[in-house]
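Number of protein chains: 2
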Amino acid sequence: MATGRTHRPATRSRGIPEATVARLPLYLRALTALSERSVPTVSSEELATAAGVNSAKLRKDFSYLGSYGTRGVGYDVEYLVYQISRELGLTQDWPVAIVGIGNLGAALANYGGFASRGFRVAALIDADPAMAGTPVAGIAVQHTDDLDRIISDNGVSIGVITTPPGAAQQVCDRLVAAGVTSILNFAPTVLSVPEGVDVRKVDLSIELQILAFHEQRKAGEDASADGEDPEAPPMRATPASRKGPDGDMPAVMPA
Amino acid sequence: MATGRTHRPATRSRGIPEATVARLPLYLRALTALSERSVPTVSSEELATAAGVNSAKLRKDFSYLGSYGTRGVGYDVEYLVYQISRELGLTQDWPVAIVGIGNLGAALANYGGFASRGFRVAALIDADPAMAGTPVAGIAVQHTDDLDRIISDNGVSIGVITTPPGAAQQVCDRLVAAGVTSILNFAPTVLSVPEGVDVRKVDLSIELQILAFHEQRKAGEDASADGEDPEAPPMRATPASRKGPDGDMPAVMPA
DNA sequence: GTATGTGAACGCTTTCACAGCT
DNA sequence: AGCTGTGAAAGCGTTCACATAC
């Protein structure tokens with residue numbers, strides 16, 4: 001059974017912490033906006049505000065890249081844009097394949113911000129033979145049967161999975177076998193991949209559930225003893241002694 | 001100026017760490033799958049594998065909820081499903097409004113996993129008058145002018161923003177003014193919100209850039225001195241002394 | 001015997017606060 | 001005087017390893 005390693009354990013590239021890497025795109029976006037407004041330099045305070053972080057964090061982050069600022073002045077916008085782009089590997093372009101051209105896959109294919117910075121939709125792949133040849137966002141959809149060849153021919157190393165959950169692992173395996181080493185997974189599935197393959201996931205349902213947790217907390221802040229009907233709770237198999245916190249299972253359960 | 005607090009600083013609910021909250025949906029999904037297969041109990045090891053984490057982490061996570069397992073046996077699946085659902089606030093249903101019905105908004109409206117667990121698409125809102133009345137996923141799109149009323153009438157406390165980046169902050173402000181206290185933002189924009197409002201963001205572009213970073217690292221692992229043409233780097237305004245690591249700007253720049 | 005629940009150790013991330021340049 | 005760059009401290013999150021309960 002494949003155990004599947006997701007995200008980075010602690011391999012740490014050339015010393016840039018993962019948390020910092022995750023913020024570089026944020027800084028880059030803010031810097032690009034400044035660049036378009038022809039702003040020549042920016043302070044850590046200003047840039048941090050624009051990126052939605054605090055300035056100490058930003059300075060610490062930049063310190064991992066090198067000393068790219070000027071004391072008493074700030075950072076040169078163009079110069080930083082280049083340095084961060086290079087660090088993120090955006091000075092080359094990355095052909096990307098999207099597998100699963102349903103509503104979401106099509107939406108991503110049409111997404112403008114995709115091509116904007118280094119990424120290029122090189123192929124759209126779907127298992128439905130009826131879709132083969134249909135153009136989506138100006139690109140003809142190709143059939144899964146040719147996945148291997150499509151990946152190889154286009155030198156794709158980043159794959160995006162937007163299939164139904166049931167197909168995700170299989171598609172993932174085929175992508176990896178074809179040479180893909182980075183996967184962005186939109187399917188609500190835990191993917192197993194061999195060592196050396198990176199997986200990041202985007203999961204609408206999980207995000208909503210996290211929001212609901214906090215939302216519930218807010219609502220329950222004043223009204224402690226609720227008067228709402230508590231959904232019929234299932235009984236426990238082993239009715240042993242529990243010691244959960246207040247919100248435990250009701251002592252009486254519905255017949 | 002609104003400073004805008006994103007995510008949770010460190011308020012920590014009733015003691016459940018944020019990292020744990022973020023994993024509860026994962027456990028819930030794995031447990032639901034087991035439940036559908038009528039599996040009565042599961043060990044921390046098995047469940048951890050299914051959820052893609054290690055068992056120590058899972059047990060630690062569950063310990064924050066209470067002692068819901070049985071030593072020497074494992075966890076009762078149904079019981080845990082109920083406890084986690086309750087903890088996440090999924091025993092009540094959450095009406096959600098989606099603002100910005102373009103490709104992505106429509107895709108989300110059609111997304112099945114949405115309604116599945118406690119969430120219900122209560123309203124679709126768009127600024128384009130031509131879209132008003134058009135049904136998307138069986139729900140008529142309403143115009144932004146009525147946003148306030150729509151939110152109030154439906155008791156929406158969770159909003160999803162899928163507008164173009166330029167409109168996101170304005171839509172966010174209006175949602176918050178109308179009573180929304182949780183926002184899921186798909187627009188590539190840093191949102192400013194007042195204290196007490198939670199924002200989570202989903203950003204395709206950021207995820208791809210993080211993957212590109214690691215991808216670049218993999219590629220450069222053996223080939224140190226690259227032969228690729230390095231995109232013309234911009235010159236620095238202040239040509240002062242830098243001490244960045246190896247990947248510095250080329251000493252000679254293109255004429 | 002077996003698997004949970006948890007203090008303690010460890011490592012990563014953030015924040016502080018100030019030395020070091022410009 | 002002003003702002004960056006960075007050690008040191010504090011805060012979180014993960015992992016270990018074993019006492020505890022079944």
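Respectively, the protein sequence lines represent chains Z and W.
Numbering of the first sequence is given in UniProt numbering, commencing with residue 1 and proceeding in unit increments.
Numbering of the second sequence is given in UniProt numbering, commencing with residue 1 and proceeding in unit increments.
Glycine included, every Cβ here is placed at the ideal spot set by N, Cα and C.
The model shown is predicted, which means the values in this text are computed figures rather than measured ones.
8 angstroms Cβ cutoff, residue i in contact with chain W
i: Z:P17; result: no
i: Z:P135; result: no
i: Z:P188; result: yes
i: Z:G227; result: Model confidence at Z:G227 stands at a pLDDT of 36, short of 50, so the residue's coordinates are unreliable; what they give is reported in the following sentence. No, no contact with chain W.
i: residue 257 of chain Z; result: There is no way to answer for residue 257 of chain Z, as the model of chain Z reaches only from 1 to 255.
i: Z:R149; result: no
i: Z:A202; result: Here the sequence assigns Val to residue 202 of chain Z, which means Ala is not the residue at that position. True, the Cβ-Cβ gap to chain W drops below 8 angstroms.
i: Z:A97; result: no
i: Z:G179; result: no
i: Z:A212; result: yes
i: Z:V121; result: no
i: Z:S224; result: For Z:S224, the predicted structure reports a pLDDT of 45, less than 50, and the residue's modelled location is therefore unreliable. A value from the coordinates is still provided. So, not an interface residue.
i: Z:G118; result: yes
i: Z:V21; result: yes
i: Z:N110; result: yes
i: Z:G72; result: no
i: Z:D173; result: no
i: Z:S152; result: no
i: Z:G100; result: no
i: residue 306 of chain Z; result: In this structure chain Z extends from 1 to 255, so residue 306 of chain Z is not present and cannot be described.
i: Z:D198; result: yes
i: Z:Q216; result: yes
i: Z:G155; result: no
Beta-ladder partner(s) of residue i, from DSSP
i: Z:N185; result: Z:I161 and Z:K201
i: Z:R23; result: Answer is none; Z:R23 lacks a bridge partner.
i: W:T70; result: W:G74
i: Z:A97; result: Z:A123 and Z:G159
i: Z:A140; result: Z:P135
i: W:T41; result: W:D76
Beta-carbon separation (whole angstroms), residue i vs residue j, contact threshold 8 angstroms
i: Z:L58; j: Z:L47; result: 6 angstroms
i: W:P194; j: W:V180; result: Rounded, the Cβ-Cβ distance is 11 angstroms, inconsistent with contact.
i: Z:R23; j: W:L211; result: 15 angstroms between Cβ atoms; not a contact.
i: Z:L191; j: Z:R174; result: No, Z:L191 and Z:R174 are not in contact; Cβ-Cβ is about 12 angstroms, not under 8 angstroms.
i: Z:T134; j: Z:V81; result: That belief does not hold up - the Cβ atoms of Z:T134 and Z:V81 are roughly 38 angstroms apart, past 8 angstroms.
i: W:G118; j: W:D145; result: Contact doesn't hold; Cβ gap of about 29 angstroms is too wide.
i: W:L28; j: W:I101; result: That pair is no contact at about 29 angstroms.
i: Z:P25; j: W:S38; result: Incorrect: roughly 44 angstroms between the Cβ atoms, too far for contact.
Residue i at chain Z interface by Cβ criterion, 8 angstroms
i: residue 274 of chain W; result: Nothing in the structure corresponds to residue 274 of chain W, since chain W is present only between 1 and 255.
i: W:E195; result: no
i: W:A107; result: yes
i: W:L124; result: no
i: W:A167; result: no
i: W:I158; result: yes
i: W:A2; result: With a pLDDT of only 34 at W:A2, under the threshold of 50, the placement of this residue in the model should not be trusted; the figure read from the coordinates follows. No, W:A2 does not count as interfacial toward chain Z.
i: W:Q209; result: yes
i: W:G138; result: no
i: W:P230; result: Legend: pLDDT at W:P230 = 41, less than 50; position of this residue unreliable, value from coordinates given subsequently. Chain Z contact via Cβ: present.
Residue i beta carbon near the ligand COA (any heavy atom closer than 7 angstroms)
i: Z:Y64; result: Judged by which ligands are present, the structure shown has none, so any question about the ligand COA falls away.
Interfacial residues, the UniProt DNA-binding region "H-T-H motif" (26 to 65) of chain W to chain Z, with Cβ spacing under 8 angstroms = L26, L28, R29, A30, P40, T41, T49, A50, A51, G52 and L65
Validate contact between the region 141 to 158 of chain Z and the region 83 to 97 of chain Z using beta carbons, cut 8 angstroms, 3 pairs | yes
Is the region 69 to 79 of chain W touching the region 35 to 42 of chain W in the sense that three or more CB pairs, one from each, lie closer than 8 angstroms?
-> Yes, they touch.
Could you say if the region 163 to 171 of chain Z and the region 182 to 200 of chain Z meet the contact criterion of at least three C-beta pairs nearer than 8 angstroms?
-> yes
Decide yes or no for the touch test of the region 158 to 167 of chain W against the region 103 to 119 of chain W: beta carbon pairs closer than 8 angstroms, at least 3 of them.
-> As far as the Cβ criterion goes, the region 158 to 167 of chain W touches the region 103 to 119 of chain W, which means the pair count is three or higher.
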